[in-house]
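Visitor:
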Amino acid sequence: MTHRPKTAALIAYAGGLLSDEGRRRLEAHLAGCDVCGEELAAIEMYDSLIEDVRSSQMPAIDFESMELPLAREAAAISRTMLAQKERRSRAPWIGLGVAAAAAAIGIFVWSQRAETPAPTPAPIAEATEVVEPAPVEVPEPALLEPVVTLAAGDVHRVTEGGEMSLSLGDVLGEGDQLRSGDRSEIHVRLSDGTGIRLASSTETTLTRIREDEVRLELGAGALAHDVAPLASGSQFVVLAAGYSVEVTGTRFVVSYLADTVGVDLSEGSVRILAPDGEVIELRAPARWRSRGNAADGQPDAPAVRGLAEPRIAPTPVTLTDLRIVQWSVDGFEVETLGTVQIGLAPGEHEVRGWDPRGRLFTALLPVGDAPVELRAEALQPEAPRLRPGHLDEEDLRPVLTRGMRQVQRCYEVALRRGVENATGRAQIRLDIGVMGEVTRARVQGLPDGPLAQCITNYATRWTFPPPGGPVTIEQPLALTPTQ
Amino acid sequence: MVSSTFAALTLSAGATERQARPMDPDAALIARAQQGDTAAFRQLFRRHQGTVSRIVYRMIGPSPDVEDVVQDVFLNVYRSLPSFRGDAKFSTWLYRLATNVTRMHLRRGRSRPRFTDTEVPEAPRDGVPQDTPEIQVERAQRVRALYRLLDTLSEKKREVLVLHDFEGVPAKEIAEALDIPVLTVRTRLFYARKELYAALAAEPSLESVMHALMDKLPGRPKRDSAGETPSV
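So the sequences go chain by chain: F and X.
Here our numbering is used: the first residue of the first sequence is 2, the next is one more, and so on.
Here our numbering is used: the first residue of the second sequence is 64, the next is one more, and so on.
What follows is the structure, encoded as structure tokens:
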């Protein structure tokens with residue numbers, strides 16, 4: 002049998018931690034044991050090597066060349082923090098709350114001081130006095146002028162001057178906050194071609210929009226991005242709830258919904274830095290959520306369906322029809338309950354709109370140099386012809402996976418109640434409306450009765466991602482009772 | 064009235080808690096940085112650049128990527144600093160970021176770090192008599208061999224070993240930094256060393272050192288200069 006050295010005992014021996022008796026016994030053993038002798042020699046060599054490593058010099062590292070990019074980063078972060086502070090200070094009720102809390106603390110501290118002798122103040126560890134060199138001169142990179150290319154529904158912009166409605170063609174500035182209400186949408190294009198789409202109920206701040214760095218802060222909702230290839234050394238960063246999502250040229254959606262930060266990546270790669278220092282790298286296609294699994298009941302990010310293109314000297318076009326929940330103009334689609342403002346090139350454009358029931362309305366819109374408004378009376382219904390929608394398997398799977406658990410429950414209840422003919426193959430046929438709702442559910446292959454009714458009841462409550470038009474799907478079921 | 068009493072009591076408990084923990088020497092700089100003071104960021108970089116570069120160097124070895132990784136660590140430090148709450152010591156948090164960023168760098172390379180036989184410079188020892196050039200060369204060779212063997216350890220073991228044995232970080236702090244129990248740190252450390260002992264004993268370039276050390280063991284027969292045990 003091979004003798005295994007007792008490493009722990011040898012370490013204790015090398016460290017002089019054994020009793021006299023233990024040391025004598027180990028030395029007697031060492032005299033005849035090559036394996037243990039070798040291990041002890043290795044332990045002693047390791048200890049001496051550690052000393053050598055600690056005393057060996059590091060290769061020269063050029064820390065100076067790091068100072069400039071780090072100074073830029075620090076300046077950008079500093080601006081972000083100051084902008085946040087300023088925004089917070091704008092909310093008067095918060096100010097009042099803080100003032101009240103400060104007063105309470107002040108009273109408490111004052112009363113404590115009156116009752117007890119003042120404790121010795123804790124030493125404040127000041128930074129070592131360092132003579133500051135002249136600040137590094139960082140030339141400010143050019144602004145990537147952000148322009149609103151689509152404003153749909155209830156959309157606002159908050160600047161230092163206050164809150165105002167957002168309009169097509171508005172030129173935005175650093176520090177501006179954009180807000181989209183329910184069923185509303187904003188598209189912004191930067192001068193480098195990067196597109197940013199704010200989904201409904203989204204709040205974001207354009208903290209920095211420069212050639213070297215674009216930094217957006219997502220307060221709530223979802224942001225879809227189509228980032229132009231980044232120049233070397235430049236960055237595109239989205240901050241959400243302490244998470245930093247850093248992009249390397251890509252199409253992606255960052256969402257902050259139901260206290261969960263999500264990233265849905267359809268192209269390229271992103272790096273996420275978590276507040277605890279964890280670094281997560283994603284390559285497309287990928288889905289990531291800050292809590293749990295993306296498929297585990299976490300909110301889905303809105304789908305990206307094109308971004309309004311920037312146009313040279315566009316003519317402002319306003320689409321107003323409160324019946325319409327989804328518009329399609331020149332190949333991109335937008336969902337809204339309100340007015341859509343978009344810039345279109347002069348010429349004829351086919352405008353399509355769908356109402357909540359999926360009925361199509363169309364109009365041919367002539368656009369010249371003067372602003373145009375399309376009103377409800379110009380849209381002609383094309384019902385019953387509906388444009389078919391489309392759902393990918395990845396859109397269907399999460400909903401059907403959750404739904405199958407409900408079907409399973411229906412089946413278990415039916416078996417317990419002794420429902421007959423509850424074995425074999427069946428299928429659920431679902432008609433899905435333009436907004437993703439199930440407009441009709443039928444169970445085929447099962448007799449009418451409580452089981453089919455239970456499945457139908459559940460299925461009509463399922464909601465899929467909006468397919469853009471009516472879709473019918475069939476989901477097979479294999480019903481087999483088991484023990 | 065009730066709410067102000069509650070606020071006061073809460074504050075009092077927090078103050079006691081803060082006093083129990085020794086003041087983080089970086090606290091003042093962090094507070095300034097969190098207020099947007101860019102000079103404080105720079106000072107934090109200068110204070111900790113040595114520690115971070117040592118950790119990175121010892122994790123990835125002599126590689127041209129060391130500087131990039133060090134800069135990456137500090138970029139991440141800067142970006143995360145606004146959300147640093149001071150629950151852990153700044154140095155612990157820094158170890159965590161440095162190991163995470165280095166780990167990601169190694170994984171991105173999809174290869175294990177390679178310790179090439181580059182020169183390991185000798186540190187100047189003020190006031191200590193300089194070793195002869197031969198001794199310096201031998202020591203550099205031994206250190207290179209150790210780095211090579213370090214490469215054979217798993218990522219988890221190497222992280223713990225570098226932080227504990229090379230950097231002298233206490234096990235408790237490593238546990239906090241890597242978010243693992245202290246017992247796991249000690250276990251990884253034990254097995255990392257055990258693997259290294261076996262690797263050192265089998266390393267051909269260290270054979271003569273091994274023989275010399277074994278000859279010094281109590282009750283061992285001495286070997287001749289060729290390393291052979293004299294025959295009777």
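Glycine residues also receive a C-beta, built at the ideal position from the N, C-alpha and C atoms.
Source: prediction; values computed, not measured.
So, helix, strand or coil for Met-165(F), using DSSP?
Guide: Looking at Met-165(F) - three-state DSSP - the assignment turns out to be strand.
Visitor: What residue range does the beta strand (DSSP E) around Leu-179(F) cover?
Guide: Run containing Leu-179(F): 178-181, per the beta strand (DSSP E) assignment.
Visitor: For Val-132(F) and chain X, any beta-carbon pair shorter than 8 Å?
Guide: Reliability fails at Val-132(F), whose pLDDT of 42 lies under 50, so the model's placement of it is uncertain and no value is given.
Visitor: Nearest-angstrom Cα distance between Gly-124(X) and Gln-409(F)?
Guide: Going from the Cα of Gly-124(X) to the Cα of Gln-409(F) covers about 56 Å.
Visitor: Where do the N-terminal and C-terminal ends of the beta strand (DSSP E) with Ile-343(F) fall, by residue?
Guide: Looking at the DSSP string, the run of the beta strand (DSSP E) that includes Ile-343(F) is 341-345.
Visitor: Determine the direct distance from the alpha carbon of Glu-394(F) to that of Glu-133(F), and round the result to whole angstroms.
Guide: Note that Glu-133(F) has pLDDT 43, beneath the 50 cutoff, so the model's placement of it is unreliable and the number below is only indicative. If I take the Cα positions, the gap works out to 60 Å.
Visitor: Excluding five sequence neighbours on each side, which residues of the same chain lie with their C-beta closer than 6 Å to the C-beta of Leu-224(X)?
Guide: Around Leu-224(X): Ala-255.
Visitor: Sort out for me which residues DSSP pairs Pro-372(F) with in a bridge.
Guide: BP columns for Pro-372(F) are empty, so no partner.
Visitor: Check whether chain F comes within 8 Å of Asp-189(X), counting only Cβ atoms and requiring the distance to be less than that.
Guide: Any reading at Asp-189(X) needs caution, since the residue's pLDDT is 47, under 50, leaving its predicted position unreliable; the model's value is listed next. So, not an interface residue.
Visitor: Does the beta carbon of Ala-13(F) sit closer than 8 Å to a beta carbon anywhere in chain X?
Guide: Not closer than 8 Å to any Cβ of chain X, the Cβ of Ala-13(F) fails to qualify, so no.
Visitor: Within 8 Å of any Cβ in chain X, is that where the Cβ of Asp-213(F) sits?
Guide: Chain X, which has no Cβ nearer than 8 Å to the Cβ of Asp-213(F), makes this no.
Visitor: Let's see if you can read the secondary structure: which residues bound the beta strand (DSSP E) around Pro-317(F)?
Guide: Its beta strand (DSSP E) spans residues 316-320.
Visitor: State the DSSP-derived secondary structure class of Ala-460(F), mapped to helix, strand or coil.
Guide: Correct three-state label for Ala-460(F): helix.
Visitor: For Gly-469(F), is the classification buried or exposed, using 16 other Cβ atoms within 10 angstroms of its Cβ as the cut-off for buried?
Guide: Buried, by the Cβ-count rule.
Visitor: DSSP puts Ala-287(F) in a beta bridge; with which residues?
Guide: In DSSP, Ala-287(F) forms a bridge with Leu-266(F).
Visitor: Threshold first: 4 residues or longer. Then list the alpha helix (DSSP H) segments lying entirely within the segment 106-183 of chain X, N to C.
Guide: Whole alpha helix (DSSP H) segments, 4+ residues: 129-143, 153-171.
Visitor: Quick check on Gly-332(X) - is its C-beta less than 8 Å from some C-beta in chain F?
Guide: The requested residue 332(X) does not occur in the structure, where chain X is confined to residues 64 to 295.
Visitor: Which runs of the alpha helix (DSSP H) spanning at least 4 residues fall entirely within the segment 224-271 of chain X, listed in chain order?
Guide: Complete alpha helix (DSSP H) runs here, min 4: 234-241, 245-264.
Visitor: Less than 8 Å between CB atoms is the rule here; does Gly-354(F) satisfy it with respect to chain X?
Guide: No, no contact with chain X.
Visitor: For Leu-151(F) versus Ile-187(F), is the C-beta distance shorter than 8 Å?
Guide: Against a cut-off of 8 Å, the Cβ pair of Ile-187(F) and Leu-151(F) comes out as a contact.
Visitor: Taking 8 Å as the CB-CB cut-off, is Phe-153(X) touching chain F?
Guide: Answer no: the Cβ-Cβ gap between Phe-153(X) and chain F never drops below 8 Å.
Visitor: Starting from the C-beta of Ala-460(F), find all residues in its chain whose C-beta is less than 7 Å away, skip the five residues before and the five after it, and write them out in chain order.
Guide: Taken in chain order, the residues that qualify are Gly-404, Ile-429, Leu-431, Val-439, Ala-442.
Visitor: Report the rounded CA-to-CA distance for Gln-112(X) versus Val-133(X), giving the unit in angstroms.
Guide: So the two alpha carbons sit approximately 8 Å from each other.
Visitor: So, is Leu-323(F) buried or exposed, given that buried needs 16 or more other C-beta atoms within 10 angstroms?
Guide: Per the 10 Å Cβ criterion, exposed.
Visitor: Relative to the alpha-carbon of Leu-216(X), which residue among Leu-246(X), Tyr-260(X), Ala-240(X), Thr-247(X) has its alpha-carbon at the smallest distance?
Guide: For Leu-216(X), the nearest C-alpha among the options comes from Tyr-260(X).
Visitor: Please check if any C-beta of chain X sits within less than 8 Å of the C-beta of Val-262(F).
Guide: Taking Cβ atoms only, chain X never reaches closer than 8 Å to Val-262(F), which makes this a no.
Visitor: Closer than 7 Å, Cβ to any Cβ of chain F: which residues of the segment 218-245 of chain X, in chain order?
Guide: Per Cβ criterion, the list reads Asp-228, Phe-229.
Visitor: Using the C-alpha atoms, what's the distance from Ala-262(X) back to Val-200(X)?
Guide: When rounded, the distance between both Cα atoms is 21 Å.
Visitor: What three-state label does DSSP hand Pro-367(F) in the structure shown?
Guide: It is a strand residue.
Visitor: In whole angstroms, what separates the C-alpha of Ser-107(X) from that of Val-172(F)?
Guide: Note that residue 107(X) is Leu in the sequence shown here, rather than Ser. So the two alpha carbons sit approximately 38 Å from each other.
Visitor: Could you list which residues in chain F have their beta carbon closer than 9 Å to that of Ser-143(X), in chain order?
Guide: Going along chain F in sequence order, the residues near Ser-143(X) (Cβ under 9 Å) are Gly-243, Ser-245, Leu-274, Ala-275, Pro-276, Asp-277, Gly-278.
Visitor: Mind checking which residues open and close the alpha helix (DSSP H) that includes Thr-402(F)?
Guide: Looking at the DSSP string, the run of the alpha helix (DSSP H) that includes Thr-402(F) is 394-417.
Visitor: Which full runs of the beta strand (DSSP E) of 3+ residues lie inside the segment 420-450 of chain F, going along the chain?
Guide: Counting only runs of 3 or more, we get 425-433, 439-445.
Visitor: Any idea if Val-280(F) is buried or exposed, counting beta-carbon neighbours within 10 angstroms, 16 or more meaning buried?
Guide: It counts as buried.
Visitor: Excluding the five sequence neighbours on either side, which residues of its own chain have a C-beta within less than 7 Å of the C-beta of Phe-237(F), listed in chain order?
Guide: Excluding residues within five positions, the ones whose Cβ falls inside 7 Å are Val-215, Val-228, Leu-231, Val-248.
Visitor: Given a cut-off of 8 Å on the beta-carbon distance, is the pair Ile-44(F) and Ala-13(F) in contact?
Guide: Cβ atoms of Ile-44(F) and Ala-13(F): not closer than 8 Å.
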